[in-house]
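A.B. asks: Okay, handing you the structure first.
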Amino acid sequence: MVSIILLGFKKENEQNLPTAGTTHDQPDCCRKYFSWTLCTRRCICVSAISLIILGIIIAIITLTVTVGIPPPSPVNRLCVTTSKQTGFLCDNRETCIPASEVCDTRQNCANGEDEQEALCSDLPKSLPGHLIFYCKNHRLWIYADKRCNGFNDCGDCSDEIGSQASCPPCGSQSWSCTLVVFHDYCTCIPRSFCRDGIQHCFDWSDEYLCTR
Numbered sequence: 002m003v004s005i006i007l008l009g010f011k012k013e014n015e016q017n018l019p020t021a022g023t024t025h026d027q028p029d030c031c032r033k034y035f036s037w038t039l040c041t042r043r044c045i046c047v048s049a050i051s052l053i054i055l056g057i058i059i060a061i062i063t064l065t066v067t068v069g070i071p072p073p074s075p076v077n078r079l080c081v082t083t084s085k086q087t088g089f090l091c092d093n094r095e096t097c098i099p100a101s102e103v104c105d106t107r108q109n110c111a112n113g114e115d116e117q118e119a120l121c122s123d124l125p126k127s128l129p130g131h132l133i134f135y136c137k138n139h140r141l142w143i144y145a146d147k148r149c150n151g152f153n154d155c156g157d158c159s160d161e162i163g164s165q166a167s168c169p170p171c172g173s174q175s176w177s178c179t180l181v182v183f184h185d186y187c188t189c190i191p192r193s194f195c196r197d198g199i200q201h202c203f204d205w206s207d208e209y210l211c212t213r
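Reading the sequence shown from the start, the letters are residues 2 to 213 in the numbering used here.
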């Protein structure tokens, strides 16, 4: 009797077991038999790949949170004003203000981007390079639009006659002196100073030769 019961139990289980060559055709990756779980090699590979992809995604998220999202590329704000001076381009990509109007405590751009703390917190280091001109004494600097403007902004004329300044000759509205008496100018004086009864050039050419 016991042998008949065991034989019947064995046959019943053999009917439930998958036949050879049909394992990969089952719709489920894993099926339970008794207390064991039988899985195909294909499902094991898919699970391993899924875990690897999940690990990569977690690593990227962790790195992003730890390091931070890279800041956007800086905006190119170099422009030329209507008076042919180096300028600062506002956010509207149309308004170009002179370099000297950046960080002057007044909002010259509509959105105030010319007075942002990141731009004005550590002058001149925080300014874009095109807005700055360093004098012969590199501890001194001026705004780029002050270079070659006819005035001695550096105090040593390096912004007007220095090799780094590369200024053009005196224009038609100026008179060229060999040496200027007043320290506000270097080699060019406005023609409005000509024959005004005041010496501006050491050779007095502004009073005897110059015409307005």
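Where a beta carbon is used, it is the ideal one built from N, C-alpha and C, also for glycine.
Computed from a prediction, not measured in an experiment: that's the story for all the values here.
From ASP26 to VAL76, what does the alpha carbon distance come to, in whole angstroms?
C.D. replies: Here the model assigns ASP26 a pLDDT of 49, short of 50, so the residue's position is not dependable, and the following value carries that caveat. Computed Cα separation, rounded: 59 Å.
A.B. asks: Who are TRP142's beta bridge partners in DSSP?
C.D. replies: Paired residues: TYR135.
A.B. asks: My output table needs one value for SER177: the three-state DSSP class, helix, strand or coil.
C.D. replies: Reduced to three states, the DSSP call for SER177 is strand.
A.B. asks: For CYS110, name the three-state secondary structure that DSSP assigns.
C.D. replies: Coil at CYS110, not helix or strand.
A.B. asks: Can you list, in chain order, the residues of its chain whose CB lies under 8 Å from that of ASN153, leaving out five sequence neighbours each side?
C.D. replies: Once the five neighbours on either side are set aside, the close Cβ partners of ASN153 are ASP160, GLU161, HIS184, ASP185, TYR186, CYS187.
A.B. asks: For a test of the three-state rule: what should DSSP assign to CYS155, helix, strand or coil?
C.D. replies: Of the three classes helix, strand and coil, the one that applies to CYS155 here is coil, per DSSP.
A.B. asks: Could you tell me which of ALA111, GLU116, ASN112 sits nearest to ASP105, measuring between CA atoms?
C.D. replies: Of the listed residues, the one whose Cα sits closest to ASP105 is GLU116.
A.B. asks: How many whole angstroms separate the CB atoms of LEU120 and VAL103, which I take to be in contact at a CB cut-off of 8 Å?
C.D. replies: So it is a contact: roughly 7 Å between Cβ atoms.
A.B. asks: Which residues mark the beginning and the end of the beta strand (DSSP E) in which PRO97 is found?
C.D. replies: Note that residue 97 is Cys in the sequence shown here, rather than Pro. Start and end: 97-99.
A.B. asks: What whole-angstrom Cβ distance do LYS261 and SER84 have, given they're in contact under 8 Å?
C.D. replies: No answer is possible for residue 261: the residues shown for the chain start at 2 and end at 213.
A.B. asks: Classify GLY198 as helix, strand or coil using the three-state DSSP reduction.
C.D. replies: GLY198: coil per DSSP, three-state reduction.
A.B. asks: With C-beta atoms as the reference, is GLY195 less than 8 Å away from ASP204?
C.D. replies: The residue you asked about is not Gly; residue 195 is Cys in the sequence shown. Taking 8 Å as the Cβ cut-off, CYS195 and ASP204 do not qualify as a contacting pair.
A.B. asks: Using a Cβ-Cβ cut-off of 8 Å (strictly less than) and excluding sequence neighbours within five positions of VAL81, which residues of its own chain qualify?
C.D. replies: The answer, listed in chain order, is THR87, GLY88, CYS97.
A.B. asks: Does the distance from the C-beta atom of LEU141 to that of CYS155 stay below 8 Å?
C.D. replies: Cβ atoms of LEU141 and CYS155: closer than 8 Å.
A.B. asks: Per DSSP, what kind of secondary structure is THR87 in: helix, strand or coil?
C.D. replies: Reduced to three states, the DSSP call for THR87 is strand.
A.B. asks: Tell me where the beta strand (DSSP E) around CYS121 begins and ends.
C.D. replies: No beta strand (DSSP E) contains CYS121, which is instead part of the alpha helix (DSSP H) from 118-121.
A.B. asks: So what's LEU1 in DSSP terms, helix, strand or just coil?
C.D. replies: With the chain covering only 2 through 213, there is no way to say anything about residue 1.
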